[in-house]
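Position one of the sequence shown corresponds to residue 680 (the working numbering), numbered consecutively onward.
All C-beta atoms, glycine included, are put in the ideal place defined by N, C-alpha and C.
Structure record follows, encoded as structure tokens.
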Amino acid sequence: MQQDPLLDKKEALDALNNAKFGWFHIKACLVSGIGFFTDAYDLFIIQLAVIMIGMVYYHDEVRDGDTIIKKADKLYPVSETLLKQSALIGTLIGQLLFGYLADLLGRKKMYGTELLIIVFTTITSAFASNTASPNGLTVVGMLIIWRFFLGIGIGGDYPLSAIITSEFANTKNRGAMIAAVFAMQGFGILTGSIVSLIVLFSFNNQLNNGDPLNYLQVDHIWRIIVAFGAVPGLVAIYFRMTIPETPRFTMDIKGDVEKGARNIQQVLQKDDTLYADSSQEEKTSKEQKPSFRELKQYLSKWRNGKVLLGTAMAWFALDVGFYGINLNQSTILKQIGFGGGSNLSQYEILKQAIYGNLITSALGTVPGYWLTVLFVDKWGRKKIQIMGFVALTILFFVMGLCKDILGQFLFITLYTLANLFNNFGPNATTFIIPGEVFPTRYRSTCHGISAAAGKLGAIISQVWFLGLGADSFKAIMLTFAIFMMIGLAFTFLIPETKGKSLEEISQEHEKSNQVIPH
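Following this line, the structure appears as structure tokens:
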């Protein structure tokens, strides 16, 4: 007698959910995590690069008698904002596009494509230059274009890495695995500061000799640190393209329970099958691809729709503050003496800006991510997100109201704590939760929608930051505090997923949304 396919599916998924944490899970985290390392490096290195680009391509001419002295200056505010915005806009588009395509075509088919885009556009960004025509694009214009396409690749990495890790994980360690993937962002941001410092030190003699005309060396520095972002991506491309399709997609969307169960057994019994998917893509009569009509029906039920509203709005509110401080970190740190002052040499300006970023990354950003990895499966996602939003609300209020009386040491301490609770808090959990709370059929699409809502918040934050300017520091911090309160409110729409399998979390939803083949 042939066994019930639903029973086969349950047994296979139970084996995956209850599997002991092993080398296979570590490899899955590394393959996904190296992409996030690259994403963060490429996305946030621009805050240091714009200082150098301003020195090289935007400066005032000051005359001393008949002698023209070039005085290092900075990018125009609009140009700087467009340069930072372009990647964010591309990221938003990539999150929506790749999120949908991963549910429609499969995780495997899309995985690696986004990394190819990232590597290519990182290299082209490093070689951006003014066009020969007087009316052609400037180096900043070229960078805006290439970073837009870079953003599309980065955006694709969000839903793909989260969903693939989630669908291969066991129940006990799923939160920590997804958090570990996202935690590679912290190392990416930290590495950006370290690489910048090493390259800067290698140009020490040229930049620190009192000569004001060192623009060629500064031009080399920003190109080198931008180009370095392609290196980890190149390493990961092969492994991403050979990763197998997730068993849940194979079973739930392709309708091939037998193949999905077989893949699970291969993965659990032989770890190196993560990189050796020899099975060919098969079409079956049971294949039922998700549609927008079906997604609309699913979300029209409040018990489902409120979850997407909660994940999207919490991520939106968080990114207003997170990207507001991280993409403008050098500008904010100037408020307390890092990289400011008209009498500093180019070398000192760059060194202080990098030191400020290095301190906050090493003491706040990186530890915050790994505290989430350590506690997310013990405390729960929701509790950590609530804790983070509460702490950030308090910290932003204090920094905004008390900046002038805090002093440099206290301010940098509070600023570092804000980075800590961003990442030991909602910056990590807003990435984890959408990868767990939705059914397989819509998991990637809904994660992409949630992530795109976050990038919309980041874009609005940058435009608003430009409108106020760094001189309106108090208003900036207080507004960030208000958005943290908004994120806290929407967190209560989200269910706790700790200790539950993906099937337990979405079982009722999937049963009530069975698709009848046409």
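| Query | Result |
| --- | --- |
| Buried versus exposed, by CB contacts within 10 Å (16 or more), T810 | exposed |
| Cα-Cα separation, P1118 to I1028 | 50 Å |
| Closest Cα partner of L839 within the set I1184, Y894 and I922 | I922 |
| Helix, strand or coil at G1178 [DSSP, three-state] | coil |
| Cut-off 6 Å between Cβ atoms - residues of its own chain near G712, not counting five sequence neighbours on either side | V860 and M863 |
| Spatial distance of I868 from D718 (CA atoms) | 9 Å |
| Integer Cβ distance of Q1064 from T1170, believed to fall under 8 Å | 5 Å |
| Other residues of its chain near G989: CB distance less than 7 Å, five sequence neighbours each side excluded | F1169, T1170, L1172 and I1173 |
| Three or more C-beta pairs below 8 Å linking the segment 786-802 and the segment 975-990 | no |
| Distance between beta carbons of G939 and P926, contact taken as under 8 Å | 4 Å |
| Distance CB(S1180)-CB(S1040) smaller than 8 Å | no |
| DSSP three-state assignment for L1089, whether helix, strand or coil | helix |
| Beta-carbon proximity list for I796, same chain, < 7 Å, skipping 5 on both sides | F828, I831 and G832 |
| Where L692 falls, given that 16 or more other Cβ within 10 Å makes a residue buried | buried |
| Rounded straight-line distance, which links the Cα of W702 to that of L1053 | 18 Å |
| Where R1120 sits in the DSSP three-state scheme | coil |
| Local Cβ density within 10 Å of N883, reported as buried at 16 or more and exposed below that | exposed |
| Cβ shell of D721 (< 7 Å), same chain only, five flanking positions each side left out | I797, T801, L829, I833 and G908 |
| The alpha helix (DSSP H) enclosing F880, as first and last residue numbers | R853 to S881 |
| Status (buried if at least 16 other CB within 10 Å, exposed otherwise) for L895 | exposed |
| Exposed unless 16 or more other CB atoms sit within 10 angstroms - verdict on S875 | buried |
| Spatial distance of R853 from K1153 (CA atoms) | 40 Å |
| Where N849 falls: helix, strand or coil (DSSP) | coil |
| Straight-line gap, A1160 to L1085 (C-alpha atoms, nearest Å) | 18 Å |
| Which listed residue (I823, A694, F995 and G1178) has its alpha carbon closest to that of Q764 | I823 |
| Nearest-angstrom Cβ-Cβ length linking G1059 and N1102, presumed shorter than 8 Å | So it is not a contact: roughly 17 Å between Cβ atoms. |
| Burial state of Q1087, where buried means 16 or more other Cβ atoms lie within 10 Å | exposed |
| Reference L780, options A848, F1162 and F971, closest by Cα | F971 |
| Contact set for M1066: own chain, Cβ-Cβ below 7 Å, skip 5 residues either direction | G1104 |
| Cα-Cα separation, A698 to F1090 | 46 Å |
| Coarse secondary structure for L816, derived from DSSP in three states | coil |
| Three-state secondary structure (DSSP) of Q967 | coil |
| Buried versus exposed, by CB contacts within 10 Å (16 or more), A924 | At residue 924 the sequence reads Glu, which differs from the Ala that was named. Under this definition E924 is a buried residue. |
| Three-state secondary structure (DSSP) of A698 | coil |
| Reduced DSSP category for P891 - H, G, I as helix; E, B as strand; rest coil | Annotation note: pLDDT 48 at P891 (below 50); position unreliable, coordinate value reported separately. Coil, per DSSP. |
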